[in-house]
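What follows is a short report on a single structure.
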Amino acid sequence: MPKALPYEGRFKTVMEALQRGDKDVALDEANRWHADQPGDVLSLVALGEAFEAKGDVKSAARAYGSILELFSFRADSRRFAGERLERLADARALALAVDTYGKAAEQRPDHPASHRLYAFALLKKGDHEKAFEAMKKGATRTYPMGRFRGVDRILKEDLGLVAAAWIHAQPARAGEIKAKLREAGGVEESGPSLRFVLNWETDANDVDFHIRDGKGGHAYYSQMRLPSGGELYADVTTGYGPECFTIRGARDQRAYPYTLQAHYYSRGPMGYGMGKLQVLEHDGNGKLSFEERPFVVMIDRAYVDMGTVDKSTKLADAAAMNP
Numbered sequence: 029m030p031k032a033l034p035y036e037g038r039f040k041t042v043m044e045a046l047q048r049g050d051k052d053v054a055l056d057e058a059n060r061w062h063a064d065q066p067g068d069v070l071s072l073v074a075l076g077e078a079f080e081a082k083g084d085v086k087s088a089a090r091a092y093g094s095i096l097e098l099f100s101f102r103a104d105s106r107r108f109a110g111e112r113l114e115r116l117a118d119a120r121a122l123a124l125a126v127d128t129y130g131k132a133a134e135q136r137p138d139h140p141a142s143h144r145l146y147a148f149a150l151l152k153k154g155d156h157e158k159a160f161e162a163m164k165k166g167a168t169r170t171y172p173m174g175r176f177r178g179v180d181r182i183l184k185e186d187l188g189l190v191a192a193a194w195i196h197a198q199p200a201r202a203g204e205i206k207a208k209l210r211e212a213g214g215v216e217e218s219g220p221s222l223r224f225v226l227n228w229e230t231d232a233n234d235v236d237f238h239i240r241d242g243k244g245g246h247a248y249y250s251q252m253r254l255p256s257g258g259e260l261y262a263d264v265t266t267g268y269g270p271e272c273f274t275i276r277g278a279r280d281q282r283a284y285p286y287t288l289q290a291h292y293y294s295r296g297p298m299g300y301g302m303g304k305l306q307v308l309e310h311d312g313n314g315k316l317s318f319e320e321r322p323f324v325v326m327i328d329r330a331y332v333d334m335g336t337v338d339k340s341t342k343l344a345d346a347a348a349m350n351p
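Below is the structure:
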């Protein structure tokens, strides 16, 4: 399998230091970089990464939030900052992520990633009805012809997942919620599933999603299914995604571990690419669990390592995020 080498320059220096466990070295380099170039987004990301490694969530949130101050007028930068904030699993950071995702959805409603990021962040906050309405906006609108292949299926299933979580939280409203789901054309999600959803914040770009299982299977754009089970819905070649791979069935039927990569064809005009892999598990009864894996890539045609998912991978229960 190709090795991922997605960084260069000072960002590479910081990330290599973190990989070695030299947290203080990484933070010192990130601080000096930001002092030299305070308007460089990647210096803020490096700061956030270093603070996260040191367990300083408040400072990491401040670093990622600064991206919004620089580029609040850009929906893609709003999403990228929100993806970083959401990973912190902190109530205040999540509230800021909800706000910026909502503004991104207002700025660019023609970007489906904005709607699903906003809806799932609202769900984590415990705002189930608002989450349903946010996802419904994305699932019931049209998108530019020839773009966002497979997104209709993704969003209608996402709407079903939000509805399942809403019913789990408010079972007395089950009939009403199911009626709303049918009216919106959503897909009822009543069985267990594991979903890997990739989105990236570079337009007019082709990012290929690669999924390998523990039995040696490999799914990607020219082989969309794993023999062990699971399907890649579509190959998006025009930018932003999302691309979704879903495995249906009980946990003990899955071919763990799953190894995940993105092949990034071009960094785009900013000189770097950015985005997020979301791991989303549904127990079949409305309990949703998440892990957010934001990424940066700085090398054209790099294979970006998105990590593995196995039986021991700890996903965060959405209900526990809003006690």
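With our numbering applied, the sequence shown covers 29 to 351.
Where a beta carbon is used, it is the ideal one built from N, C-alpha and C, also for glycine.
All values derive from a computational prediction rather than experimental measurement.
Legend entry - Delimiting residues of the alpha helix (DSSP H) encompassing residue 227: Here residue 227 belongs to no alpha helix (DSSP H); instead the beta strand (DSSP E) covers 221–228.
Inset, instruction - Please list the segments of the beta strand (DSSP E) lying wholly inside the segment 295–345, counting only runs of 3 or more residues, in order along the chain. - result: 301–310, 316–325, 330–337
Legend entry - Sub-8 angstroms separation of residue 304 and residue 227 beta-carbons: yes
Inset, instruction - Starting from residue 238, follow its DSSP beta bridges and name the residues at the other end. - result: 289
Legend entry - As assigned by DSSP and simplified to three states, the class of residue 246: strand
Legend entry - Span of the alpha helix (DSSP H) around residue 170: No alpha helix (DSSP H) contains residue 170, which DSSP labels as neither H nor E.
Inset, instruction - May I ask you to report which of helix, strand or coil DSSP gives residue 251? - result: strand
Legend entry - Given 8 angstroms, three or more beta-carbon pairs between the segment 214–226 and the segment 184–203: yes
Inset, instruction - Name the residue from 312, 42, 135, 346 whose alpha carbon lies nearest to the alpha carbon of residue 319. - result: 346
Inset, instruction - Taking only the alpha-carbon atoms, compute the straight-line gap between residue 291 and residue 118 and give it to the nearest angstrom. - result: 30 angstroms
Inset, instruction - Please state if the CB of residue 239 and the CB of residue 308 are separated by a distance shorter than 8 angstroms. - result: no
Legend entry - Which residues DSSP lists as bridging residue 259, in chain order: 253, 274
Legend entry - Limits of the unbroken alpha helix (DSSP H) element including residue 150: 140–153
Legend entry - Three-state class that DSSP yields for residue 199 in the structure shown: helix
Legend entry - Selected residue, minimal CA-CA separation from residue 166, among 155, 129, 154: 129
Inset, instruction - Pull up the CB-CB distance for residue 156 and residue 220, whole angstroms please, since I reckon it's below 8 angstroms. - result: Between residue 220 and residue 156 the Cβ distance is about 20 angstroms, and since that is not below 8 angstroms, they are no contact.
Inset, instruction - Tell me whether residue 314 is buried or exposed, calling it buried when 16 or more other Cβ atoms sit within 10 Å of its Cβ. - result: buried
Legend entry - Where the alpha helix (DSSP H) containing residue 35 begins and where it ends: Neither: residue 35 is in no alpha helix (DSSP H) and is coded neither H nor E.
Inset, instruction - Quick one: using the 10 Å Cβ neighbour count with 16 as the cut-off for buried, is residue 83 buried or exposed? - result: exposed
Inset, instruction - Determine contact between the segment 237–253 and the segment 278–288, defined as no fewer than three beta-carbon pairs at a distance below 8 angstroms. - result: yes
Inset, instruction - Flag this pair as yes or no: are the beta carbons of residue 322 and residue 112 separated by less than 8 angstroms? - result: yes
Legend entry - Coarse secondary structure for residue 47, derived from DSSP in three states: helix
Legend entry - Boundaries (first-last residue) of the alpha helix (DSSP H) holding residue 134: 119–135
Inset, instruction - Could you check if residue 236 is buried or exposed, using at least 16 other CB atoms within 10 Å of its CB as the buried criterion? - result: buried
Inset, instruction - Give a yes or no on whether the C-beta atoms belonging to residue 140 and residue 96 are separated by under 8 angstroms. - result: no
Legend entry - For residue 86 and residue 60, the rounded distance between their alpha carbons: 20 angstroms
Inset, instruction - With DSSP as the reference, label residue 213 as helix, strand or coil. - result: coil
Inset, instruction - Please go through the same chain and pick out, in chain order, the residues whose beta-carbon is closer than 8 angstroms to the beta-carbon of residue 324, but skip the five residues on each side of it. - result: 34, 35, 39, 70, 73, 300, 301, 302
Inset, instruction - Drop a sphere of 10 angstroms on the beta-carbon of residue 207, count the other beta-carbons inside from all chains shown, and report buried for 16 or more, exposed for fewer. - result: exposed
Legend entry - residue 116 versus 93, 105, 131, residue with shortest Cα-Cα distance: 93
Inset, instruction - Give me the Cα-Cα distance between residue 120 and residue 261, rounded to the nearest whole angstrom. - result: 34 angstroms
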